[in-house]
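Accompanying notes for the structure given below.
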Amino acid sequence: MHQHPDRMPPLKLEEMDAVQKTAAEALIAGPRKAVKGPFIALLRSPLLMDRLQRVGEYIRFDSSLPPRISEFTMCVVSRACTQQFEWFTHVPLAMKEGSSAETIEALRCGRRPNNMHPDEALVYDFTQELMAHHGVCDATYAAAVERFGERGVIDLTGLIGYFITVSLVLNVAHTPPEVKDGVAALPALPL
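Per our numbering, numbering of the sequence shown is gapless, rising by one per residue and ending at 183.
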(Lines of atoms letter the chains of each structure in order from A and count residues from 1; the text may use other names and numbers.)
(Lines give C-alpha, C1' and ligand atoms only; values in the text may rest on other atoms or scores of the structure.)
Protein backbone atom coordinates (compact mmCIF):
# COMPACT_ATOMS: atom_id res chain seq x y z
CA MET A 1 0.00 0.00 0.00
CA HIS A 2 1.53 3.29 -1.13
CA GLN A 3 1.45 5.96 1.57
CA HIS A 4 1.24 9.64 0.71
CA PRO A 5 1.89 12.29 3.34
CA ASP A 6 -1.29 13.26 5.21
CA ARG A 7 -2.27 16.61 3.67
CA MET A 8 -4.81 17.48 6.34
CA PRO A 9 -3.75 16.04 9.70
CA PRO A 10 -5.95 16.43 12.78
CA LEU A 11 -6.36 20.00 13.96
CA LYS A 12 -5.27 20.86 17.48
CA LEU A 13 -7.93 22.46 19.64
CA GLU A 14 -6.01 25.77 19.69
CA GLU A 15 -5.97 25.76 15.85
CA MET A 16 -9.76 25.57 15.60
CA ASP A 17 -12.05 28.55 15.32
CA ALA A 18 -15.34 28.68 17.27
CA VAL A 19 -17.38 27.11 14.45
CA GLN A 20 -14.89 24.25 14.09
CA LYS A 21 -14.94 23.62 17.85
CA THR A 22 -18.75 23.52 17.87
CA ALA A 23 -18.84 21.12 14.90
CA ALA A 24 -16.19 18.88 16.49
CA GLU A 25 -18.07 18.80 19.80
CA ALA A 26 -21.30 17.82 18.02
CA LEU A 27 -19.54 15.00 16.20
CA ILE A 28 -17.96 13.73 19.41
CA ALA A 29 -21.35 13.83 21.19
CA GLY A 30 -22.95 11.67 18.45
CA PRO A 31 -22.59 7.97 17.64
CA ARG A 32 -19.13 8.42 16.11
CA LYS A 33 -17.68 9.63 19.45
CA ALA A 34 -14.60 11.20 17.79
CA VAL A 35 -13.31 13.36 14.96
CA LYS A 36 -11.61 10.82 12.73
CA GLY A 37 -11.39 9.65 9.17
CA PRO A 38 -13.06 12.00 6.70
CA PHE A 39 -14.14 14.36 9.46
CA ILE A 40 -10.54 15.36 10.12
CA ALA A 41 -10.33 16.91 6.66
CA LEU A 42 -13.96 18.04 6.59
CA LEU A 43 -13.42 20.02 9.79
CA ARG A 44 -11.65 22.57 7.57
CA SER A 45 -15.18 23.40 6.36
CA PRO A 46 -17.13 22.90 9.61
CA LEU A 47 -20.60 23.70 8.27
CA LEU A 48 -20.15 21.24 5.42
CA MET A 49 -18.81 18.67 7.88
CA ASP A 50 -21.81 19.18 10.16
CA ARG A 51 -24.30 18.69 7.35
CA LEU A 52 -22.49 15.74 5.82
CA GLN A 53 -22.03 13.99 9.15
CA ARG A 54 -25.78 14.22 9.78
CA VAL A 55 -26.43 12.61 6.40
CA GLY A 56 -23.81 9.98 7.22
CA GLU A 57 -25.32 9.36 10.64
CA TYR A 58 -28.67 8.60 8.99
CA ILE A 59 -27.05 6.49 6.28
CA ARG A 60 -24.97 4.47 8.78
CA PHE A 61 -27.30 4.16 11.75
CA ASP A 62 -30.95 4.82 10.75
CA SER A 63 -31.31 3.81 7.10
CA SER A 64 -34.03 1.44 5.95
CA LEU A 65 -31.32 -0.88 4.61
CA PRO A 66 -30.10 -3.78 6.72
CA PRO A 67 -26.56 -3.23 8.11
CA ARG A 68 -25.32 -6.17 6.01
CA ILE A 69 -26.34 -4.35 2.83
CA SER A 70 -25.00 -0.99 3.96
CA GLU A 71 -21.61 -2.40 4.97
CA PHE A 72 -21.28 -4.38 1.75
CA THR A 73 -22.17 -1.28 -0.29
CA MET A 74 -19.50 0.71 1.51
CA CYS A 75 -16.94 -1.93 0.54
CA VAL A 76 -18.02 -1.77 -3.11
CA VAL A 77 -17.69 2.03 -3.14
CA SER A 78 -14.38 1.92 -1.24
CA ARG A 79 -12.99 -0.45 -3.88
CA ALA A 80 -14.28 1.71 -6.73
CA CYS A 81 -12.60 4.79 -5.23
CA THR A 82 -9.49 2.89 -4.01
CA GLN A 83 -10.18 4.38 -0.59
CA GLN A 84 -8.04 2.60 2.01
CA PHE A 85 -9.44 4.28 5.16
CA GLU A 86 -13.02 3.26 4.35
CA TRP A 87 -11.90 -0.18 3.16
CA PHE A 88 -10.09 -0.93 6.42
CA THR A 89 -13.06 0.42 8.39
CA HIS A 90 -15.88 -1.41 6.61
CA VAL A 91 -14.41 -4.78 5.60
CA PRO A 92 -14.49 -6.14 9.20
CA LEU A 93 -18.03 -4.77 9.63
CA ALA A 94 -19.20 -6.32 6.34
CA MET A 95 -17.71 -9.68 7.31
CA LYS A 96 -19.32 -9.46 10.76
CA GLU A 97 -22.65 -8.85 8.99
CA GLY A 98 -22.20 -11.92 6.78
CA SER A 99 -20.16 -11.04 3.68
CA SER A 100 -17.78 -13.90 2.95
CA ALA A 101 -14.01 -13.63 2.85
CA GLU A 102 -14.16 -14.88 -0.75
CA THR A 103 -16.55 -12.07 -1.71
CA ILE A 104 -14.39 -9.44 0.00
CA GLU A 105 -11.22 -10.72 -1.67
CA ALA A 106 -12.83 -10.60 -5.12
CA LEU A 107 -13.92 -7.01 -4.45
CA ARG A 108 -10.43 -6.12 -3.22
CA CYS A 109 -8.92 -7.40 -6.46
CA GLY A 110 -11.45 -5.49 -8.58
CA ARG A 111 -13.45 -8.54 -9.69
CA ARG A 112 -17.19 -9.17 -9.51
CA PRO A 113 -17.53 -11.77 -6.75
CA ASN A 114 -18.88 -15.12 -7.96
CA ASN A 115 -20.73 -16.44 -4.93
CA MET A 116 -22.46 -13.40 -3.45
CA HIS A 117 -25.69 -13.58 -1.52
CA PRO A 118 -28.53 -12.54 -3.90
CA ASP A 119 -28.91 -9.22 -2.03
CA GLU A 120 -25.19 -8.54 -2.40
CA ALA A 121 -25.35 -9.31 -6.14
CA LEU A 122 -28.25 -6.89 -6.55
CA VAL A 123 -26.44 -4.17 -4.58
CA TYR A 124 -23.17 -4.79 -6.44
CA ASP A 125 -24.87 -4.50 -9.82
CA PHE A 126 -26.90 -1.44 -8.76
CA THR A 127 -23.80 0.29 -7.38
CA GLN A 128 -21.59 -0.48 -10.37
CA GLU A 129 -24.27 0.60 -12.82
CA LEU A 130 -24.98 3.82 -10.92
CA MET A 131 -21.30 4.73 -10.70
CA ALA A 132 -20.60 3.90 -14.36
CA HIS A 133 -23.71 5.48 -15.92
CA HIS A 134 -24.96 7.90 -13.24
CA GLY A 135 -28.30 6.08 -13.28
CA VAL A 136 -29.70 2.56 -13.48
CA CYS A 137 -31.71 0.76 -16.15
CA ASP A 138 -35.35 -0.22 -15.67
CA ALA A 139 -34.52 -3.86 -14.88
CA THR A 140 -31.99 -2.95 -12.16
CA TYR A 141 -34.36 -0.34 -10.73
CA ALA A 142 -37.30 -2.80 -10.67
CA ALA A 143 -35.23 -5.49 -8.94
CA ALA A 144 -34.02 -3.01 -6.32
CA VAL A 145 -37.56 -1.68 -5.66
CA GLU A 146 -38.88 -5.24 -5.40
CA ARG A 147 -36.23 -6.12 -2.82
CA PHE A 148 -35.78 -2.88 -0.86
CA GLY A 149 -38.85 -0.77 -1.70
CA GLU A 150 -38.72 2.80 -2.97
CA ARG A 151 -37.35 4.09 0.34
CA GLY A 152 -34.61 1.49 0.21
CA VAL A 153 -33.67 2.46 -3.34
CA ILE A 154 -33.37 6.10 -2.28
CA ASP A 155 -31.41 5.13 0.85
CA LEU A 156 -29.10 2.93 -1.27
CA THR A 157 -28.57 5.73 -3.80
CA GLY A 158 -27.88 8.19 -0.97
CA LEU A 159 -25.46 5.76 0.66
CA ILE A 160 -23.51 5.36 -2.58
CA GLY A 161 -23.39 9.11 -3.16
CA TYR A 162 -22.42 9.85 0.42
CA PHE A 163 -19.58 7.31 0.41
CA ILE A 164 -18.29 8.53 -2.94
CA THR A 165 -18.13 12.03 -1.42
CA VAL A 166 -16.41 10.79 1.74
CA SER A 167 -13.98 8.69 -0.31
CA LEU A 168 -13.05 11.63 -2.50
CA VAL A 169 -12.46 13.83 0.57
CA LEU A 170 -10.21 11.15 2.07
CA ASN A 171 -8.34 10.68 -1.21
CA VAL A 172 -7.72 14.42 -1.62
CA ALA A 173 -6.60 14.75 2.01
CA HIS A 174 -4.44 11.57 1.85
CA THR A 175 -5.95 10.53 5.18
CA PRO A 176 -4.06 7.42 6.29
CA PRO A 177 -6.07 4.28 7.04
CA GLU A 178 -6.39 2.73 10.46
CA VAL A 179 -4.86 -0.59 9.42
CA LYS A 180 -6.58 -3.63 10.92
CA ASP A 181 -5.17 -7.13 11.26
CA GLY A 182 -6.61 -9.56 8.77
CA VAL A 183 -7.63 -6.88 6.25
CA ALA A 184 -5.53 -6.67 3.11
CA ALA A 185 -5.03 -3.24 1.57
CA LEU A 186 -6.58 -2.36 -1.76
CA PRO A 187 -4.24 -2.65 -4.72
CA ALA A 188 -4.26 0.18 -7.23
CA LEU A 189 -6.49 -0.45 -10.24
CA PRO A 190 -6.38 -1.28 -13.05
CA LEU A 191 -4.34 -4.33 -12.23
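Virtual Cβ for every residue (Gly too), placed ideally from N, Cα, C.
- Taking all protein chains in view, the Cβ of R71 is crowded by 16 or more other Cβ atoms within 10 Å, so the residue is classified as buried.
- In the three-state DSSP reduction, L5 falls in the helix class (H, G or I).
- The segment 88 to 105 makes contact with the segment 57 to 68: 3 or more CB pairs, one atom from each, lie closer than 8 Å.
- In the structure shown, R43 falls within a helical segment according to DSSP collapsed to helix, strand and coil.
- Residue burial annotation: I20 is exposed, with fewer than 16 other C-beta atoms found within 10 angstroms of its C-beta.
- Each residue's CA atom was taken as its position, placing T14 and A176 some 36 Å apart.
- Exposure of H(-4) is indicated by the presence of fewer than 16 other C-beta atoms within 10 angstroms of its C-beta.
- Per DSSP, the continuous alpha helix (DSSP H) segment holding M87 begins and ends at Q76 to K88.
- Rounded to whole angstroms, the Cβ separation of P105 and E94 is 7 Å, and the two are in contact under 8 Å.
- Taken atom to atom, the span from the alpha-carbon of N163 to that of R143 is near 30 Å.
- DSSP places R60 in the uninterrupted alpha helix (DSSP H) bounded by P59 to A72.
- With a threshold of 16 other beta carbon atoms within 10 Å, G29 meets it and is buried.
- Under the three-state reduction of DSSP, L99 is assigned to helix.
- When DSSP states are grouped into helix, strand and coil, A176 belongs to the coil group.
- Between L99 and C67, the C-beta spacing is below 9 Å.
- Assigned with DSSP and collapsed to three states, A16 falls in helix.
- Excluding five sequence positions before and after D(-2), the CB atoms of its chain that fall closer than 6 Å to its own CB belong to H166 and P168, given in chain order.
- When C-alpha distances from Q45 are compared across P23, L57 and S56, the shortest belongs to P23.
- In the DSSP annotation of this structure, E170 is not part of any alpha helix (DSSP H), being labelled neither H nor E.
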